[in-house]
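Single-structure report; data block below.
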Amino acid sequence: MMSMADIQIALPLLILAIGALITLICGAIGRKQTTGYLIAVIAAVGAGLWSMQTPPALLAPGLGLSASGLTRLFSAYFCFMAAAVLLFSHSYNRYRDIAGEEYPATILFATFGMVALASATNLLLLFLGLEAMTFGFYILAAIDREQDVSSEAGLKYLLMGALSAAFLAFGIGLLYCVRGSLGISEIMQTTLAATVRDPIALAGWGCLLIGMAFKLSLVPAHLWTPDVYEAAPPPVVAFLSGGSKAAAVLLMVVLLVHVAELGTLRVPLFGLALLSMLVGNMAALRQNRVRRMLAYSSIAQMGYGVVALVSIQGHGLQAAAFYAIGYGIMSLAAFGAIGVLEANGCGAELDDYRGRGFTQPVASGALAISLFALAGIPPTVGFTGKFLIFAAAIRTGENALAILGILTAAVSIYYYLRLVAALYLQRGAAEQTESISINDTVLLALSCVLIILLGIFPAQLLDFLKIQLL
Amino acid sequence: MTSLPVLSLLIVLPLAGALALIALRKQENVAKYLAVGIAVVELFIACWTWSAAGQQPPGALPGFFLFEDFSWIDSLGIRFTLGMDGISLLLVIMTALLTIIAMLVSWRTIRQRTVLHYILLLVMESSIIGVFLALDLFLFYLFWEVMLIPMFFLIGIYGHGRNIYSAIKFFVVTLVGSLLMLLAIIGLYVIHGRQSGLYTFGLSGLLGTSLDPLVGLWLYGAFLLSFAIKFPLVPLHTWLPDAHTDASTAGSIDLAGLLLKTGAYGLIRFGYPLFPEAARTLTPLLTIMAVAGILYSSWIAFAQKDMKRLVAYSSIGHMGFIALGIAAWTPVALSGSVLQMVSHGVTTSALFALVGMLASRANTREISAYGGLWGKVPILACFFMLFAMASAGLPGLNNFVGEFLILTGSYQVAQSATILAFLGLILSLVYTVRLVQEVLFQKERQPLPMLDVTGREALILAVLAIGVFYIGLHPGPLLDVLHLPVALLTGGTP
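Okay, structure coming up:
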């Protein structure tokens, strides 16, 4: 029997699911594009606002849902991210002729998955949330049907995603076998301690890590990333970076917060972080297509996120959670801006971006700010996030990882600057003009302000995370 | 002095000005005057802070006569701490002055994206003053990196030639060193936190952290690398000539006059005080790089055909002297180094401004294209002569004082290095005389369109000339204000 408190805790999920259904129904009745987006945005914002409220209880045991501060922070973040993505999509999809109410509905379903994941207190719900989210992205990645590469990328993502889902499910099953319980805190305490030498637990964690490596696009499970980033609509890519990957980081944080040290997980995570930073940054150097470059950059950025996870004893989890949110905002600004630029006729190559800094100031400005942020230049959230990560690494004693990380970060600056240089230092065709809708302008400005504000005044968010992740 | 947060104001005012300029981007003339107006007000505020010299506000490190401390990111031990002592004072005044000069120099020459140019100059001013005032290592690092962004655009947008290559090279090379310094800062923070239980980035807290000699060497090494790249010390200097060659005149003034000083300042403010032992161990390395820089740059300068490149290399030589004075770390040499930082800012900016003026008339910077300017444009030639001689270290002019103090001060501790540096001084006289001879007195080689200075140009050069004579003939007040901080730093009795 659901109590009133249970309903209040589950309400964001309900709003999202019902909102998605209404969107679909409205699409079937009237063929007006904007209605679906409007309903979806209202649902997302509503769910986000509700998440920010103080809940009647921190747990809904009957539902397996939590309403802890961390849950609510990330639920609100996912919902607002979804709303922003929907608004960006509205103008981009008109440009690409991506019609239909299934698009906003799918975004809401994916958000539903993310919020479910953020609220989960047992591994089963966690898995369901993760897969509900990924299922949405299978569709979204291939939604641009006019493009041949789109379906190719979607198929690649689907196949590898299905494989990783199998690994995840199997890993969760194995962990269940060890303890006979699906509760996160119990499983973590009994399967990860340094004294545990249970091969089944090890195998379970191995499978879980493989699945997570796919979601986070860590090397060597990164191969889908460049294709999807290139073929999917930019707002979807923003959602993938800022939503799906943030959710995966959050999942790791939620799991690891129950243990004091990593034990057997340290070595594989160390390797994943190192490989992702190296391969991601080196491969990005060689790209001439902007979206591919940012895809490899995202692989590297997730490598930094894993550095934070490895540095668990030096407040690494706070750094990881902070970085996940920060990276999401940076991606939103970057891919939002790329969407606007592409709708204004900008091609995929680096050379197509030449000179747009002065002819399309709004989108280029947002792109440049997010690139500086991704490169980790202050005063941006990218700098503060990297700073927290490296501070956590050094505090934990992971000096080698910190030094290699910072050297690869130095390399990465080159390719980010190449794009900034193309935007502002090179001359482009004369006939470029900018037409940008008001909501795109507002959203880009807002995300840039957030990038800088969170860079200069991170204290509040950090203190909040510190309390939540003690 | 009042309780007005004047140091924060020094940082915020140019930034606020830059924001206002964004709003005014359609009205170029208004924006230009507003920018100069803000820069002038900034200079007045900077000079006004001198009146506080001698005070000792509560909570400040000794020697700092202005001190501001605000809560910022408390959970990490990061505070917004600013402080001004004699060293910061002179450098801040120089920054404010050279920003005005850079604005006036580009008054007519920058015709496209004008407003953005002034915005960048203001952001640059704000971040460099931030570097000179920050007493929290996190804050210092923040400004340290922020200043690269306006410089990148100044070279890249308003430069010429291979400006994009130079801008990216500048940014990447200087950042590589900085990032390692960031790790060293964090390392020091963690070690200090473990020792004392107090995690802080404040300079006053971190001073006196006892370090394992090897760890100290690594941390200091990272600091030194970052500072040496900014300096730039040979062999880490390769980004500078390219950056100068391709930058606009204002860009070069900001680069040579302001940005290079941050490296020397960082070494004085953070490098030596935080790692005294490691710094002493690596002093021979710093001395060798300094002397190598002096000799090498003079030699290379002699071979330059491009006037601007010549000034750029001479600038590396002068920075070598500054490094020599820091390496000696005696009160006399260190005062000389700080004074030389200001002097170098004045003379090099003047020379870059002159090169810019000549190039805008004749459309070339080849030394061999010029000749006979002494008769054709007497006022311009006079200024040229004055600043060239000042740069070569003629007694009575500004560079002489600093170089003299550096050589005197370092002779006590490093005789052979000082003698070699003195030889470098002679070499620099040789190439300067050659430059003056070829440009001013050589028979005119080809008819070049030459007009004498305009009123604006005369104003720029006259202001800088006053600086040259003032420091050269009456350095007393400057040395007085440096006396206390330098004595405290070198461990002597004030």
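First to last, the protein sequences are chains A and B. Each residue of the first sequence is one higher than the last, beginning at 0 in numbering that gives the first Met the number 0. Each residue of the second sequence is one higher than the last, beginning at 0 in numbering that gives the first Met the number 0. By construction, the Cβ of each residue, glycine as well, lies at the ideal position given by its N, Cα and C atoms. Owing to the predicted nature of the structure, the values given are computational and were not obtained by experimental measurement.
Chain-ordered chain B contacts of residue i [CB-CB under 7 Å]
i	result
A:ILE376	GLU144, ILE148
A:ARG394	VAL189
CB contact flag (residue i, residue j, <8 Å)
i	j	result
B:LEU205	B:LEU136	yes
A:GLY481	A:TYR322	Any question about residue 481 of chain A goes unanswered here, given that chain A covers just 0 to 469.
B:LEU353	B:PHE386	yes
B:VAL145	B:SER126	yes
A:ILE298	A:SER216	yes
B:GLU437	B:MET356	no
A:GLY454	A:VAL380	yes
B:ALA183	B:LEU218	yes
B:ALA289	B:ALA326	yes
B:THR489	B:PRO283	no
A:ALA231	A:ALA152	yes
A:ILE142	A:ILE97	yes
B:TYR271	B:SER296	no
B:LEU181	B:TYR117	no
B:ASN162	B:ASP245	yes
Integer Cβ distance of residue i from residue j, believed to fall under 8 Å
i	j	result
A:GLY242	A:GLY327	7 Å
B:ILE10	B:ILE128	6 Å
A:VAL218	A:GLY279	7 Å
B:MET384	B:VAL435	6 Å
B:GLY324	B:SER336	3 Å
A:ALA42	A:LEU139	Their Cβ separation, rounded to whole angstroms, is 17 Å, which puts A:ALA42 and A:LEU139 out of contact at 8 Å.
Residue i in three-state terms, based on DSSP
i	result
B:SER70	strand
A:GLU100	coil
A:ALA336	helix
B:MET123	helix
B:PHE43	helix
B:PRO493	Any reading at B:PRO493 must be qualified, since the residue scores a pLDDT of 46, below 50, and its modelled position is unreliable; the value itself is stated next. Three-state DSSP puts B:PRO493 in coil, outside helix and strand.
B:GLY82	strand
A:GLY26	helix
B:MET0	Interpretation of B:MET0 is limited by its pLDDT of 45, a score under 50 that renders its predicted location unreliable; the figure taken from the coordinates is listed afterwards. B:MET0 falls in the coil class under three-state DSSP.
A:GLU348	strand
B:LEU213	helix
A:ILE6	helix
A:ASN343	coil
B:ASP135	strand
B:GLY201	strand
A:ALA59	strand
A:ALA272	helix
A:ALA42	helix
A:SER65	strand
A:ILE451	helix
A:ALA220	coil
Contact set between residue i and chain A, taken where Cβ atoms lie within less than 9 Å
i	result
B:ILE86	The premise fails here: B:ILE86 is roughly 24 Å from chain A at the closest Cβ pair, so nothing lies under 9 Å.
B:SER297	Residues of chain A passing the Cβ test: none, with the nearest at roughly 32 Å.
B:GLY292	Here the premise fails: no neighbours, minimum Cβ distance about 24 Å.
B:VAL214	Here the premise fails: no neighbours, minimum Cβ distance about 11 Å.
Residue i: contacting residues in chain A (beta-carbon distance under 8 Å)
i	result
B:ILE163	ALA420, LEU424, GLN425
B:ILE167	TYR413, LEU416, ARG417, ALA420
B:PHE170	ILE412, LEU416
B:SER503	Not covered by the structure: residue 503 of chain B. The range shown for chain B is 0 to 493.
Chain-ordered chain A contacts of residue i [CB-CB under 7 Å]
i	result
B:PHE526	Since the displayed chain B opens at 0 and closes at 493, residue 526 of chain B lies outside it and no answer follows.
B:ILE156	TYR423, LEU424
B:LEU178	ILE405, ALA408, ALA409
B:VAL175	ALA409
Contact set between residue i and chain B, taken where Cβ atoms lie within less than 8 Å
i	result
A:PHE371	ILE148
A:PHE389	LEU181, LEU182, ILE185
Alpha helix (DSSP H) runs contained entirely in the stretch 134 to 200 of chain A, provided each spans 4 or more residues: With a minimum length of 4 residues, the continuous alpha helix (DSSP H) runs that stay inside the stretch 134 to 200 of chain A are 147 to 178, 183 to 190.
If you scan the stretch 294 to 368 of chain B from start to end, which runs of the alpha helix (DSSP H) of 4 or more residues do you find wholly inside it? 306 to 327, 330 to 361
So within the stretch 285 to 320 of chain A, which uninterrupted beta strand (DSSP E) runs reach at least 3 residues, ignoring any that extend past its ends? none
Every unbroken alpha helix (DSSP H) within the stretch 358 to 433 of chain A, with a cutoff of 4 residues, ordered by chain: 360 to 373, 380 to 395, 398 to 423
Alpha helix (DSSP H) runs contained entirely in the stretch 234 to 263 of chain B, provided each spans 4 or more residues: 238 to 245, 248 to 251
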